[in-house]
Structures are given as C-alpha cells and as structure tokens.
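J.: Take a look at the following structure, please.
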Amino acid sequence: MEKDDFLDALNPAQREAVCATQQHLLVLAGAGSGKTRVLVHRIAWLLKTTPLHPYNILAVTFTNKAANEIRKRIENLLKASVQSMWVGTFHSLAHRLLRLHWQEAQLPQNFQILDADDQVRLVRRSIQSLQLDEERWTPRSVTNFINGKKESGLRPNQIQAHDPHTKTLKQVYETYETLRKQRGLVDFSELLLACVELLKNPNLLSHYQSRFTHVLVDEFQDTNTIQYHWIQQFMGAQNSLMTVGDDDQSIYGWRGAKVENIQRFSQDFPSAHTIRLEQNYRSTSTILSAANTLIANNDQRLGKNLWTAGESGEKISLYAAFNELDEANFVIEKIKQNLRAGYDRKQIAVLYRSNAQSRVLEENLIQAAVPYRVYGGLRFFERAEIKDALSYLRLLLNRNDDTAFERIINVPTRGIGEQTLGILRDQAKLNQISLWQAMLSTLKSQSLTTRAQTALERFHLLIESLTELLNSRSLPELTSAVIHQSGLIEHYQKEKGEKGQARIENLEELINALPVASNETTVQILTDFLSNAVLESGEYEAKAGDDCIQLMTLHAAKGLEFPVVFICGLEEGLFPHPMSLNEGNLEEERRLCYVGMTRAMKKLILTYSEIRRMHGQEHHHSPSRFLREIPTDLLDEVRPAKFTFPISMQKTEHSKNNFSHFNKKPEVAAVKIAGFHIGQTVRHAKFGEGVILNYEGQGPQTRIQIRFKKEGIKWLSLEFTQLIALT
DNA sequence: AATGCTACAGTACTT
DNA sequence: CTGTAGCATT
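Shown next as structure tokens:
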C-alpha cells in the first residue's frame, strides 16, 4: 500500500493524530469518531515512516478483544506480521513481565493467577482465620477494600489505620497476603502492583524504557491509579506516549477508573498536544444531536461536540409501556418489523441497565422464536466443572496451591469431609505449611480413623499418579486422564437433567480447547494455558457469525455499534439507578445513557414502563429524567395513549422539553384485543377482578394473560372466556 | 456426607 | 420473582 492512500482514508483531525511529531499526544475521541482507526494507523505510520521496529512499541488496551483487533488491523494494513510488538491488556502485559522476571519479582516460577471468585474465597479464609464475624466483615466488601488499596498502589504497611475499622481491614489484608504468597498465587490487582514494584529495579526499568520508545494507551478514561503509574514508569526522557480516550464515555468510575487521569496526563506531560476527533461516522444526525443534548447536562466535561456529515435519518422512537411484558412485546414486534425491512438479527441490539431485565425479553423472544444471544453471564472458565478440572491441573503443577486443593479434595465426594479437612487446616496453620504437606504428615502419623486414612491415601495416590503423566503425555491426554481418573465425569453424569449433560459437554469442550503439539514441555504449556484461562476467560465463547439478536447491558455495549438499538427501562428508579443517586454518580449514569445512544447507527428506540415488577413487587416509576433531556422534536412518541399518562403531565423543571401530544399514533404492539386492551381491569365470573397483562395469537385463538387479585396470573382463551370490562 | 429447605439479597464487570 | 448460601435433617 502506498503511503499516500493510507493517509487519504483519514480526515484532517485523524491525520493530524496519526502523523503527529510531538512527543506526547492526547487524543480526545468522541463516540464513533474512528478512535481505533487512529490508534492502528498511528502505529502503522510509525512503523512505515520511521526506523522504529515493532519491538519498540507497547500498545495497551482493557480487553483482549480490543488487543486482538488492534493487532489484526495493523497486520492487515501493513500486510506483515508484527509478532514482536507488545499489544495486550494491562493485565496480560504485566503478567508477561512477571513471568519473564519471576525471580526479580520474588515469585515462584510457576505462580498461578487467582480469578475474582477464588480471591473472595481466599479472603473468606483470611477472615475466618482471624476469627472475625463474617456478617460484619463480608468477604465481598473486604475483597473490595483490598483491591481498592492495591489499585491505589498501597501495601498493608502503607495504610494509615487510625480507626479500629480500618485497623481490622488492614489486618485481614495482611493475612490475605500471607496466605496468597504461601500458595504461590497472584490476584488481578497484584499483577499490576507487583509489576510496578518490579520496574523499580533500575536495570530493568532502563532496559524497558529503551525498548518501548512508543507507548499507546486505548480507553484512557478507564485507567485507574496503578495503571496510570504503570504507564508512567515507561516514560523516560525520550519516550513517547499517546493516550486515546473520551471523558464522556467514562462509565467505570465505580470500579476505580479515574477520568481525572486525562487531566493529570496534561499536567504530568505539559508538552502533550491535544487533538479532538469530533466527526462521527456512525450515527444519524438525529441520534447524534439527541446524545449531544443529553450529555451537555453534565458539568464535569472537557468539552467536545460531535457532528456528522451524514443524513438526519429517522426520529428516535419512544414507547411508553404499560408494564414490562408490554414493553417486551413492543420490542419484539418492532424487531420483527426491522427484520422484515431487511436488517439481520445480529444488527439489532437490545440494551438495558441491569441484567435482571433480560429475563422478560428472553421469554418473549423464545415465544416469538427469534434467535438471540445474551452477552455476559457465566463465562466458560468460570463454570464450576471447568474450575474443578483446572484445579486438578493446578495441583499437579503446584502442591502448595491450597485454593485448588480445597476445591477438589472432595469433588467428586470421596469421603473426605469437613472433619478431616479441619484437621488438615489446623495442621497447616500450626506448622505454617500447605494443606498438601499437612496431608502427607497426617497420613504418616496414622492418626486418622481408618476410613479417613484410606480416603486420603487414595487421593494422594491419584494426584501422584496423574503427576507422572505430566512428563509422558500431551496436555489433552493428561487432562482427559484427570477428568476420568478423578471421577469428575462420573460425578457430573450422576447430576440429573440437562445440566449434567451440559457440564459433561463443557468438560469435553475443555479438552478440545487445549493446545496439542508444541516444542515446549507439557509443564510449560500447562502453566501458560492456566494463566490464559484466567486472563482471557471471556473470549473463548465468542461464536463468530451467529446471526442472533444481541442482548446486553449498557456497560457491555461500550465499543460496539449496531444499526438498530433498543434501550429499555428508561425509568427513574432503574435508569438512573437509585444506587448511583445516593453516591452522587448521576453524571456517570448520564454518560452511560450517552454511550447507549451513540451505539445506534440508523435507528434508536427508547422504551420505559409505567409499572414494573422488580424483586417480586410492582413499582410505579416515572419516566427517566434522561428522556426529558432529549429534545422533543427528535422524538417520535408512540404509545397506546389510552391508559398511559403523557409524560408532559409529569412535573418537570425542564418545561421546554415536554413531549407533544400531537405526534402520537397507534403502534405495532396493537393493544386492542377484541375490545379489550392491556392494562384494563376486568371481571371474570369465576376468578373475579384482574388486570390484563398480555396477549398472544389472533382471532379466536387469542389468549390473554390476566393477573387476578386472588388467583394470581393466568392465561385464558378469549374464545371461551366471558369478561366484563370494568374500566 | 448428601440432600432438602429456609432465609436472604438483589447496579454495572474486565482482567 | 429467582438464585444462592448456610443450616438442618436424614
């Protein structure tokens, strides 16, 4: 490819960012403005026009998906492999450095990574070993405390504990660290903290500073304190740093991300040149100006106004549903409409604030026989059966991995219960040894009951004999032996129903996922595989090319785009979420809404419900304040007005943004069912009074769903039911 | 030791 | 309403 047409594909601002000669760059890239494009072209441009080698580049992202994407696109652009370039997530890159320098980092060579689940478990153990009340010191909150400190770069001894509460937390932190080190384990935050400490070694630091002359960071608004430090460390006098981000899309403050890092960057690197990418290539101008108006309500902004040269497109649809069933019905009808209009299923996304909202939508999609896929949820490597199998493998590599030991010592059940395990724990704690070592000495002393002694001996033998296979078998062969000889397969076969079957299939899937041939030893392959399993737990499931409706939370939608986007549940009490109001995070909620809206390319459909069942109770919510922040003339209010209150009747401070009464019109989820409508109160001869919730079918086959005051929710065939309208 | 039951909690989530 | 963790029961 010629250098020229390579740059021709860029707009002036993008080109300025790609070809900048300044040492440090801050690129404020609005949604859909070609952020990744700039990052990729910048790297390609550096490699093409300067003497830089891929080896000199360090590119950092938050997800593996983004990292893979960047590498792939650079290789496409350059038509060459860039193997030696380091592209990865903060955690995977830190991990790589720790593996390379495990001795300097004072880690065992075969250290393993704790996932979030295992970490909470280990924190629980620490709480228990200090004999603290688990009600008061919940493992979850203590884990948050520990991670919070690590992410601020603080070790226990650096914590100022003046009050008794903090003193206790600090104590648990210390205990946790002791256990963690004993077991040769490293948690996610530890990867970064340990790496920051590792790079304090002057020799290493100067080595990497001279190697990575160019550092590029994606999604900079999402970096936390330790990640910022980590990047900063690479910046010697000659190094160049480019950060790309969008303060309006910062939605992870709740997990420690610091938008302030953007301002901090400008202070720490005063020579940094700022470039704004404001031309949007994704959305219609209607969607864009709605999003712009919404986000303008935030005070804490660096300021940026997205524009597009594209067409204005359709108005944004707004549907006021009677309840969540009506909402789901509307969404599915509208989906069908768009499918008929020629959109593929995978071009349509349904977004919501909280995961619980997906259920009703899913039920209706199943009923309508529309294939869908829910993003998020349990990941492959987080499934119980997979973690069991991996724990066996971990124990084969490292006998001191008590976390793995505890997980599988009695899975499948082999007669080693709490009693026996308690003895081992006491032994281990008393002598400062691992559970495995405690088991060995206990076996030797013959102090257990015969039954426990035999059971433990058999477990000991099992692990020893599997370990021998490490040297003689490939990883898939070894793993197959593990799940069979341990009895895991048998154990899950016993589990009744589809669940057990699914677990077996997952275990077989695991064997397929294992690397087969390599020059390395099985031990090395296994070590790498186990780390990757924890660091890349998400990717594995991505079945590309599935043509499904995409369901996900607003958070999960970040970075994606779809021709047709639904945002459901725009209600006070749900979105913005009340939890965020307490903590004064309204601006972050608004940014989340902004992120959701800017995912849409052609069509945006917003819905809210007047009544919503949450936690088994009915809630009457008013429409989200975010709806009022969208200019009325961009909205097309479709609703079955008969039983809903116009939003304009709500008390609002922004009277200029009231919805008009004029543009309402009948819509798809036609609410009339043979003279009845959803939301209507009716009387049934036998069941008494109730409210119509939903309906399905047509003509004489129509069935309607009614919630009766006394009898609960029932489906009735309209043909055979006598109903009296009460409203 | 395994199963069944009750009580309880219930924003967002990648690594 | 739903899923889960811990407890009680056999």
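FYI, the working numbering numbers position 153 of the first sequence as 193, with every residue one higher than the one before it.
Just so you know, even glycine gets a beta-carbon here, dropped at the ideal spot from N, CA and C.
Alpha carbon to alpha carbon, how far is K190 from E230? Give it in angstroms, no decimals.
T.: Walking along the first sequence from the start, residue 230 turns up at place 190. Walking along the first sequence from the start, residue 190 turns up at place 150. If I take the Cα positions, the gap works out to 7 Å.
J.: Quick check on the burial criterion: 16 or more other C-beta atoms within 10 angstroms. Buried or exposed for A765?
T.: Numbered from its first residue, the first sequence carries residue 765 at position 725. Answer is exposed; the Cβ neighbour count stays below 16.
J.: Using a Cβ-Cβ cutoff of less than 8 Å, which residues in the same chain neighbour Q459 once the five nearest sequence positions on both sides are dropped?
T.: Within the first sequence, residue 459 is the residue found at index 419, counting from 1. Within the same chain, Q459 has close Cβ partners A492.
J.: Taking only runs that begin and end inside the region 396-440, name each unbroken beta strand (DSSP E) of 3 or more residues, in chain order.
T.: Listed in chain order, the complete beta strand (DSSP E) runs (minimum 3 residues) inside the region 396-440 are 412-414.
J.: Just to confirm, are T589 and Y412 a CB contact at a threshold of 8 Å?
T.: Residue mapping note: residue 589 aligns to position 549 of the first sequence, counting from 1. Residue mapping note: residue 412 aligns to position 372 of the first sequence, counting from 1. The sequence given here places Ile at residue 589; Thr does not occur at that position. Cβ atoms of I589 and Y412: closer than 8 Å.
J.: Here's the rule: buried if 16 or more other CB atoms are within 10 angstroms of the residue's CB, otherwise exposed. What is G656?
T.: The residue labelled residue 656 in the question sits at position 616 within the first sequence. Flag for G656 reads exposed.
J.: Count the C-beta pairs between the region 305-319 and the region 72-84 that are closer than 8 Å, then say yes if the count reaches three, no if not.
T.: Output reads yes: the region 72-84 touches the region 305-319.
J.: Who pairs with Q152 in a beta bridge, going by DSSP?
T.: The count along the first sequence starts at 1 and reaches residue 152 at position 112. Paired residue(s): L225.
J.: Pick from C235, C59, K210, L79: whose alpha carbon is nearest that of R142?
T.: The residue you call residue 142 lines up with position 102 of the first sequence. First, the amino acid is wrong: residue 142 is Trp here, not Arg. Among C235, C59, K210, L79, the Cα nearest to that of W142 is on C235.
J.: Measuring straight from C-alpha to C-alpha, what distance separates L79 and R161?
T.: As a first step, residue 79 is located in the first sequence; it is residue number 39 there, counting from the start. As a first step, residue 161 is located in the first sequence; it is residue number 121 there, counting from the start. So the two alpha carbons sit approximately 39 Å from each other.
J.: Are there 16 or more other CB atoms within 10 angstroms of the CB of L756, so buried, or fewer, so exposed?
T.: Sequence index remark: in the first sequence, residue 756 carries index 716 (1-based). Result: buried.
J.: For L502, which of helix, strand or coil comes out of DSSP?
T.: Residue 502 sits at position 462 when you count from the first residue of the first sequence. Note: L502 maps to helix in three-state DSSP.
J.: In this structure, does DSSP put A357 in helix, strand or coil?
T.: Position 317 of the first sequence, counted from the first residue, corresponds to residue 357. The sequence shown places Ser at residue 357, rather than the Ala named in the question. Reduced to three states, the DSSP call for S357 is strand.
J.: Rounded to whole angstroms, what is the Cα-Cα separation between A725 and Q745?
T.: Taking the first residue of the first sequence as position 1, residue 725 is located at position 685. Taking the first residue of the first sequence as position 1, residue 745 is located at position 705. Going by the C-alpha atoms only, they are around 16 Å apart.
J.: Start and end of the beta strand (DSSP E) containing G188?
T.: As a first step, residue 188 is located in the first sequence; it is residue number 148 there, counting from the start. Premise fails: G188 lies in the alpha helix (DSSP H), 179-191, not in any beta strand (DSSP E).
J.: Grouping DSSP H, G and I as helix and E and B as strand, with all else coil, what is L675?
T.: Position 635 of the first sequence, counted from the first residue, corresponds to residue 675. Residue state, collapsed to three classes: strand.
J.: Under 8 Å: do the region 428-448 and the region 152-161 share three or more Cβ pairs, one atom per stretch?
T.: These segments touch.
J.: By DSSP, does A640 sit in helix, in strand, or in coil?
T.: For the purposes of this step, residue 640 is identified with residue 600 of the first sequence, where counting begins at 1. Here A640 sits in strand by DSSP.
J.: Quick one: Cα of G416 to Cα of G599, how far?
T.: Locating residue 416 in the first sequence gives position 376, counting from the first residue. Locating residue 599 in the first sequence gives position 559, counting from the first residue. About 15 Å.
J.: Between the Cα of F260 and those of W347, H254, I271, H81, spot the shortest distance and give me the residue it belongs to.
T.: Here residue 260 corresponds to residue number 220 of the first sequence, with the count starting at 1. Answer by Cα proximity: I271.
J.: By Cβ distance below 6 Å, which residues in the same chain neighbour A710 in space, the five residues on each side in sequence not counted?
T.: Working through the first sequence from its first residue, we reach residue 710 at position 670. For A710, the predicted model reports a pLDDT of 36, less than 50, meaning its position is unreliable; a value from the coordinates is still stated below. Within the same chain, A710 has no close Cβ partners at all.
J.: Taking H661 and E612 to be in contact with their CB atoms under 8 Å, please state how far apart those CB atoms are, rounded to whole angstroms.
T.: Here residue 661 refers to the residue found at position 621 when the first sequence is read from its first residue. Here residue 612 refers to the residue found at position 572 when the first sequence is read from its first residue. Contact flag correct, Cβ pair sits at about 5 Å.
J.: Kindly indicate the opening and closing residues of the alpha helix (DSSP H) around F606.
T.: For the purposes of this step, residue 606 is identified with residue 566 of the first sequence, where counting begins at 1. Run containing F606: none in the alpha helix (DSSP H); it sits in the beta strand (DSSP E), 602-607.
J.: How big is the Cα-Cα spacing for A201 and V212?
T.: Sequence index remark: in the first sequence, residue 201 carries index 161 (1-based). Sequence index remark: in the first sequence, residue 212 carries index 172 (1-based). Each residue's alpha carbon lies about 13 Å from the other.
J.: Among F499, L244, T265, G293, which one has its Cα closest to the Cα of E446?
T.: Residue numbering aside, residue 446 sits at position 406 when the first sequence is read from its first letter. When only C-alpha atoms are compared, the closest one is F499.
J.: Pull the bridge partners of I544 from the DSSP assignment, please.
T.: Counting from 1 along the first sequence, the entry for residue 544 is found at position 504. According to DSSP, which records beta bridges pairwise, I544 is partnered with nothing at all.
J.: What is the rounded straight-line gap between the Cα of I199 and the Cα of I167?
T.: Taking the first residue of the first sequence as 1, we reach residue 199 at position 159. Taking the first residue of the first sequence as 1, we reach residue 167 at position 127. Straight-line Cα distance between these residues: approximately 18 Å.
J.: Going by Cα to Cα distance, which pick from Q273, H595, N332 is closest to S246?
T.: Along the first sequence, read from residue 1 onward, the residue named residue 246 stands at position 206. Minimum Cα distance to S246 is reached at Q273.
J.: Hey, out of W294, L239, I291, whose CA is closest to G276's CA?
T.: Sequence index remark: in the first sequence, residue 276 carries index 236 (1-based). Ranking W294, L239, I291 by Cα distance to G276 puts L239 first.
J.: Does the beta-carbon distance from D676 to K355 come in below 8 Å?
T.: As a first step, residue 676 is located in the first sequence; it is residue number 636 there, counting from the start. As a first step, residue 355 is located in the first sequence; it is residue number 315 there, counting from the start. It is a contact, given that the beta carbons lie within the stated cut-off.
J.: Only counting the same chain, and skipping five residues up and downstream in sequence, which positions put a Cβ closer than 8 Å to that of K705?
T.: Counted from its first residue, the first sequence places residue 705 at position 665. Confidence at K705 is low in this model, with a pLDDT of 38, below 50, so the placement of that residue should be treated as unreliable; the coordinate-derived value is given next. Only V678 meet the Cβ criterion.
J.: At what residue ranges does the region 288-363 contain a whole run of the alpha helix (DSSP H), taking only runs of 4 or more?
T.: Fully enclosed alpha helix (DSSP H) runs of 4 or longer: 300-308, 325-335.
J.: Using DSSP with H/G/I as helix, E/B as strand and the rest coil, what is F46?
T.: Position 6 of the first sequence, counted from the start, is the residue given in the question as residue 46. In this structure, F46 counts as helix in the three-state DSSP scheme.
J.: Terminal residues of the continuous alpha helix (DSSP H) containing H135?
T.: To locate residue 135, count along the first sequence from 1; it is residue 95. Unbroken alpha helix (DSSP H) run through H135: 130-140.
J.: In whole angstroms, what is the alpha-carbon distance linking L118 and R164?
T.: Taking the first residue of the first sequence as position 1, residue 118 is located at position 78. Taking the first residue of the first sequence as position 1, residue 164 is located at position 124. About 50 Å.
J.: In angstroms with no decimal places, state the Cα-to-Cα distance between Q159 and T183.
T.: Walking along the first sequence from the start, residue 159 turns up at place 119. Walking along the first sequence from the start, residue 183 turns up at place 143. In a straight line, the C-alpha of Q159 is about 7 Å away from that of T183.
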